[in-house]
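A short write-up of the structure that comes next.
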Amino acid sequence: MWDADGNEYIDYIQGMGPNLFGHAPEFVSQQVAEDMRNGYIFAAQFERELEVAEMAAAAIPIEDCTVRFAGSGTEIVQLVLRLARGWTGKSKFIRFEGHYHGWMDSVNHSVHPPIDEAGDVDAPTPVGESAGMDPGAAAQAIPCQWNDIDRLEDAFERHRGEVAAVIMEPINANTNCIMPEPGYLEAAKELAHEHGALIIFDEVITGFRVAYGGAQEFLGITPDLATYAKSIAAGFPIAMLAGRRDIMDMLGSGEVYHGGSFNSNVMSIAAAHATLTHIKLQGDTFYADLNRRGERLIDGLHQVGMETETEIHVQVLGSVFGISFNRSGDVIRNYRDHATKCDDVRYAQFASEMMREGVRLSSNGRVHMSSAHTEEQIETTIEAARRALSRM
Ligand code: PMP
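Structural data, given as structure tokens:
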């Protein structure tokens with residue numbers, strides 16, 4: 001990236017995730033330019049849309065899954081919650097502290113709440129993230145601690161018969177890229193089903209990034225419904241819901257309503273087609289390469305952290321990972337761990353020092369690798385981190 005003054009940066013924000021191939025990959029621009037000659041939006045299905053739907057449905061591990069497109073991650077979460085309520089006839093949903101599902105009033109509670117307002121960990125209080133939110137929305141949201149099956153069980157007990165769904169990021173990319181502990185997702189799915197609730201994976205970040213089949217493929221577990229957006233179309237605005245056919249049929253029949261003027265516009269569908277085709281053509285090597293680059297960067301950051309005796313801490317996969325300044329050295333298991341053990345001010349200082357070095361990091365510590373990052377740029381980044389940390 002180059003800024004207005006001509007300064008050059010190696011960018012690890014990558015549009016907050018969508019830019020799986022870096023900025024403006026030629027094969028995407030070409031496909032979009034070609035397809036848009038036929039028109040931009042039809043309010044009808046078209047051939048390319050069906051091709052993308054079939055490719056995407058084949059990629060997603062949910063058995064006999066069907067898909068539906070929308071414009072953004074926030075919209076697709078609105079749809080998935082409405083569908084879960086329509087299917088179960090119940091209205092509440094369990095969500096987890098530290099997990100982000102868009103800016104809608106219904107889900108914009110307890111994402112990163114101040115700990116002194118978040119209430120008892122046994123029964124957290126919904127804390128709105130913004131002024132102006134509908135106070136009624138909080139009544140439907142049940143915040144809970146992630147990676148903690150006993151607390152999930154308690155939440156179901158406290159709201160027996162009222163819960164339509166459990167929604168979560170299967171890898172908590174919005175807080176430090178926290179992995180689920182072994183067995184946790186399986187136990188959460190079983191518990192949800194025992195209570196007649198659906199399990200929803202929000203794969204807006206992990207979908208088409210951690211593997212072609214997203215976190216489901218990576219972790220070997222399927223939910224009932226899953227949401228996608230960022231990496232499916234290389235930066236073009238599109239989102240997708242995927243799910244069990246029996247549930248999804250409520251959309252097809254119109255029992256659960258879904259609208260949107262710009263759903264499946266030609267440009268976004270063309271970009272999604274180019275994305276999926278490109279990855280498929282590369283086979284297994286695409287994700288192996290992406291991860292290898294990310295792992296080299298993670299190793300390099302840990303190495304310079306030790307050399308400079310700073311508490312820089314990096315969690316998780318090569319394709320997407322979280323940098324924090326973790327005083328305890330412990331693995332971060334949930335949002336409250338992050339809030340009490342990581343120093344966000346120190347991370348902000350690091351990001352600012354890296355910017356001076358020509359490396360652009362996000363304000364929340366999440367790093368998005370792209371296939372456009374070269375090995376040389378990664379080594380340059382590690383050297384930049386060595387200098388930045390030494391100054392700190
Ligand atoms: N879910 C997750 C997991 C996300 O990370 C985001 C966006 N960062 C959203 C939903 C909302 O997506 P959008 O910004 O496209 O509305």
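Quick note: the sequence shown uses our numbering, first residue 1, plus one each step. Ideal Cβ positions, reconstructed from N, Cα and C, are used throughout, including at glycine.
The residues Ala239, Gly260, in chain order, have a CB closer than 7 Å to that of Glu75 in the same chain once the five nearest residues on each side in sequence are set aside.
Look at Val204: its beta carbon is less than 7 Å from one of the heavy atoms in ligand 1.
Here Leu241 is buried, its C-beta having at least 16 other C-beta atoms within 10 Å.
Here the C-alpha atom of Ser319 lies approximately 14 Å from the C-alpha atom of Gly15.
For Ala288, the three-state secondary structure derived from DSSP is helix.
Exposure of Phe42 is indicated by the presence of fewer than 16 other C-beta atoms within 10 angstroms of its C-beta. Look at Arg95 here: in three-state DSSP terms it is strand. Around the Cβ of Arg37, a 10 Å sphere holds fewer than 16 other Cβ atoms; the residue is exposed. Taken through DSSP and simplified to helix, strand or coil, Pro143 comes out as strand. Membership of Met1 in any alpha helix (DSSP H) is not indicated, and neither H nor E is assigned to it by DSSP.
If you check the CB distance, Pro143 and Pro126 come in under 8 Å.
Under DSSP, Thr66 takes part in a beta bridge, and its partners are Gly243. DSSP, reduced to helix, strand and coil, places Ile76 within a helical segment of the structure shown. Runs of alpha helix (DSSP H) with 4 or more residues, each lying fully within the segment 154 to 215, are found at 184 to 194, listed in chain order. In the DSSP assignment, Tyr228 falls within the unbroken beta strand (DSSP E) covering 225 to 228.
In the three-state DSSP reduction, Ile10 falls in the strand class (E or B). Ranked by how close their Cα comes to the Cα of Ile221, the residues Ile205, Pro180, Thr285 have Pro180 in first place.
A contact is defined here as three or more CB-CB pairs under 8 Å, and the segment 272 to 282 fails this definition with respect to the segment 115 to 124.
Residue burial annotation: His302 is exposed, with fewer than 16 other C-beta atoms found within 10 angstroms of its C-beta.
For Val166 against Ala192, the beta-carbon gap comes to about 5 Å, under 8 Å, which counts as contact. Residues Met250, Val256 of the same chain have their beta carbon placed closer than 6 Å to that of Gly86, with the five preceding and five following residues left out of the count. Judged by DSSP secondary structure, Arg48 falls within the alpha helix (DSSP H) whose first and last residues are 47 to 59. The beta carbon of Ala385 sits closer than 6 Å to the beta carbons of Leu301, Val304 from its chain, once the five residues preceding and following it are set aside; these are given in chain order. Here Trp146 is buried. Its C-beta has 16 or more other C-beta atoms within 10 Å.
The DSSP-derived three-state label of Arg296 is helix. Between Ala270 and Phe21, the CB-CB gap reaches or exceeds 8 Å. For His101, there is no enclosing alpha helix (DSSP H), as DSSP marks it with neither H nor E. Residue pairing from DSSP places His368 in a beta bridge opposite Val320. If you draw a straight line from the Cα of Leu198 to the Cα of Ala233, it is about 27 Å long. A Cβ-Cβ separation of about 4 Å places Thr175 in contact with Gly98 under the 8 Å criterion. Gly254 carries a coil assignment under DSSP once its states are collapsed to helix, strand and coil. About 33 Å separates the beta carbons of Met1 and Phe96, which is beyond the 8 Å limit, so they are not a contact pair. Ligand 1 approaches Ala229 closely enough that one of its heavy atoms is under 7 Å from the residue's Cβ. Look at Phe27 here: in three-state DSSP terms it is helix.
Counting along the chain, the unbroken alpha helix (DSSP H) around Val266 starts and ends at 266 to 282.
Note that the segment 359 to 373 touches the segment 320 to 333; at least 3 beta-carbon pairs, one per stretch, sit closer than 8 Å.
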